[in-house]
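Just so we're aligned: the sequence shown equals residues 11 to 374 in my numbering. All C-beta atoms in this analysis are idealised placements derived from N, C-alpha and C, irrespective of residue type, glycine included. These figures come from a predicted structure and were not determined experimentally. See below for the structure under consideration.
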Amino acid sequence: MATSTRTPISLAQIHDLVGGEIVGSPLATVTGLSSLEEAGPNDLTFVTGDRVLKTHGSTAAGALLAHRRLDEFVTPHIIIANPTLAFAKVARTFFCPISPPRGIDKTVVRGLDTQIGSDPSIWPGVTLGDRVTIGARVTLYPGVFVGNDTTIGDDTLLYPNVVVREGCTIGARVIIHSGTVIGSDGFGYVQDQGRHYKIPQLGGVTIEDDVELGANVTVDRATLGQTIIKQGTKVDNLVQIAHNVTIGAHSILVAQVGIAGSTRVGHHVMIGGQAGLADHIAIGDQVMIAARAGVNRSIEPNQIVSGAPAMPHEVWVKAQAVIPRLPELRQVVRTLEDRVKQLEASHSASQASKAKATTRKRKG
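In structure tokens:
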């Protein structure tokens, strides 16, 4: 990946790509991309809000993508509603490397009845099982293994050492990063006389179009049926998705998330890093689950939850505010307990004294 180019790119060219309003000379050029604090006079960078501006104060960048007109800067810039998206488009158009060499390396191992679409890029050390179907313009880097009866859609990219086991379906424009395993056996056992008896995992995995999986992700095959990751979902590194899980469309799973078997996650769900979801629960659409949450029950749509066990975020915030005061509150409770004991003892003594006085009066 490159963050610089030999050919200067003008602000006018960038405007043609992303739209917006140019402030300053459209002839200003850049040859690189950089962060706001590190940008030099030949770099393009972006500003997402006034808080960022207050933090950094100034920049030496040659051009900016900004959320508003920046009269405090002499730097040429483009005003655009979503500077981050515009920056991503510029990076993808002008700075991403050209497609890898096309063709099928002579060392590729091909099983029986494999079908490979037009213009492939299949590198040394790739293994394709029997009855594998590969779409057009697919790239398979060294060490990729594709098992029997698996289908991979057009324009999909598998980085080195990705494993796609037998009977899986990968959609179009899917990106899978190194070390990820698709279709490993689900974790299914039944006990018999104190021993664990393996339940055959006979299902598969379906990954729909435009999904991206990070490095070292594991997606287990279903016991029966399919484990499904729906269209447009993005999964970070080191995520475990168990057998028969369904992840809804356009969801985000951050690193080290673990989802237990047969759980169903809705669309546009965001799950923070190291969160864990129990088995056989349902997460509604557009739910946000905070990092390190422990979710042990189903969640209705449009909720925000935090903590372990997970609870409504506003409740968790109040609980967190109390936790630092627990030692102090514990001492207060102990003091109150001692005071109550003293009052009870005093009350008991008073009652006993009154009882004695009453007894004397009766005797008198």
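By alpha-carbon positions, which one of the options ends up nearest to residue i?
i, options, result
"Ala71", "Asn92, Glu47 and Asp81", "Glu47"
"Gly196", "Ser272, Gly258 and Gly121", "Ser272"
"Glu310", "Ala301, Cys106 and Met321", "Met321"
"Pro36", "Leu43, Ile24, Glu347 and Val28", "Ile24"
"Ala225", "Gly235, Thr233 and Ala265", "Ala265"
"Arg388", "Gln361, Asp219 and Asn158", "Lying outside 11 to 374, the shown extent of the chain, residue 388 is not represented and no answer is given."
"Ala38", "Ser20, Tyr199 and Ala303", "Ser20"
"Ser109", "Thr69, Tyr151, Ile239 and Gln313", "Tyr151"
"Thr216", "Tyr199, Gly189, Gly242 and Gly181", "Gly181"
"Ile238", "Gly59, Arg274 and Lys364", "Arg274"
"Asp60", "Trp133, Phe83, Gly204 and Arg307", "Phe83"
"Lys208", "Thr233, Val227, Val191 and His187", "Thr233"
"Trp133", "Gly121, Lys240, Leu122 and Gly113", "Gly113"
"His187", "Gln241, Asp246 and Gly30", "Asp246"
"Thr15", "Arg307, Asp53 and Trp326", "Asp53"
"Ala91", "Val62, Gly29, Ala73 and Asp81", "Gly29"
"Gly213", "Val62, Val227, Val255 and Val173", "Val255"
Taking the alpha-carbon positions, what's the residue i to residue j distance?
i, j, result
"Asp202", "Pro210", "15 Å"
"Val342", "Val297", "39 Å"
"Thr345", "Leu248", "49 Å"
"Leu95", "Leu43", "14 Å"
"Met11", "His206", "Only weak support exists for where Met11 lies, its pLDDT of 48 falling under 50; the value from the coordinates is given anyway. In a straight line, the C-alpha of Met11 is about 48 Å away from that of His206."
"Leu336", "Glu354", "26 Å"
"Arg141", "Ile162", "12 Å"
"Asn312", "Pro51", "44 Å"
"Ile333", "Ile144", "55 Å"
"Gly157", "Gly286", "30 Å"
"Ser356", "Thr368", "18 Å"
"Glu324", "Val305", "16 Å"
"Cys106", "Gly235", "38 Å"
"Ser128", "Asp115", "15 Å"
"Pro93", "Tyr169", "29 Å"
"Arg349", "Ala362", "20 Å"
"His253", "Asp164", "26 Å"
"Gly308", "Glu176", "Correcting the residue identity first, residue 308 is Ser in this sequence and not Gly. When rounded, the distance between both Cα atoms is 32 Å."
"Ile314", "Asp123", "49 Å"
"Thr243", "Trp326", "28 Å"
"Lys364", "Ala329", "47 Å"
"Ser360", "Glu347", "20 Å"
"Ala288", "Val173", "26 Å"
"Leu63", "Asp81", "12 Å"
"Phe155", "Val200", "30 Å"
"Arg340", "Ala73", "58 Å"
"Lys240", "Glu338", "49 Å"
"Gly204", "Lys351", "53 Å"
Ordered along the chain, which non-local residues of its own chain (more than five positions away) have a Cβ less than 6 Å from that of residue i?
i, result
"Ile251", "Val229 and Ile269"
"Gly34", "Pro86"
"Ile185", "Leu167 and Glu222"
"Met280", "Ile262 and Met298"
"Phe97", "Phe56 and Leu75"
"Ala22", "Pro36"
"Thr69", "Leu46 and Ala49"
"Ser358", "none"
"Val394", "The chain is shown from 11 up to 374; residue 394 falls before or after that span and cannot be answered."
"Lys366", "none"
"Val227", "Thr190, Val245 and Val249"
"Glu31", "Ile89"
Looking only at its own chain, which residues have a Cβ that is under 8 Å from the Cβ of residue i, when we skip the five neighbours before and after it?
i, result
"His278", "Gly258, Ala259, His260, Ser261, Asp295 and Gln296"
"Thr17", "Thr41"
"Thr103", "Leu27"
"Gln125", "Val142, Thr143 and Ile144"
"Arg302", "Gly282, Gly283, Gln284, Ala285 and Ala318"
For residue i, which residues from the same chain have a beta carbon less than 7 Å from its beta carbon, with the 5 sequence-adjacent residues on both sides left out?
i, result
"Arg79", "Val33 and Ile89"
"Pro111", "Ser131"
Using 8 Å for Cβ pairs, my map puts residue i next to residue j. What's the rounded Cβ distance?
i, j, result
"Val118", "Val136", "5 Å"
"Arg147", "Gly193", "The pair is not a contact, with the Cβ atoms about 23 Å apart (cut-off 8 Å)."
"Cys178", "Thr160", "5 Å"
"Ala331", "Ser316", "Going by Cβ atoms, the distance from Ala331 to Ser316 rounds to 13 Å, so no, they are not a contact pair."
"Gly198", "Asn171", "With 8 Å as the limit, Gly198 and Asn171 do not qualify as a contact, their Cβ atoms being about 26 Å apart."
"His77", "Thr58", "6 Å"
"Gly139", "Gly121", "5 Å"
"Gly276", "Ile293", "6 Å"
With a threshold of 7 Å, establish whether the CB of residue i neighbours any heavy atom of the ligand GTP.
i, result
"Gln241", "Only the bare structure without any ligand can be found here, which leaves the ligand GTP out of the picture."
Residue i CB to nearest chain D CB: under 8 Å?
i, result
"Thr65", "Note that chain D does not occur in the displayed structure, where there is just one protein chain."
*Could you tell me which uninterrupted beta strand (DSSP E) segments, each at least 3 residues in length, are contained entirely in the segment 275–321, listed from first to last along the chain?*
314–316
*alpha helix (DSSP H) segments (min. 4 residues) lying fully within the segment 42–111*: 60–66 and 93–100
*Quick one: which unbroken beta strand (DSSP E) runs of 3-plus residues sit fully inside the segment 120–205? Chain order, please.*
191–194 and 199–202
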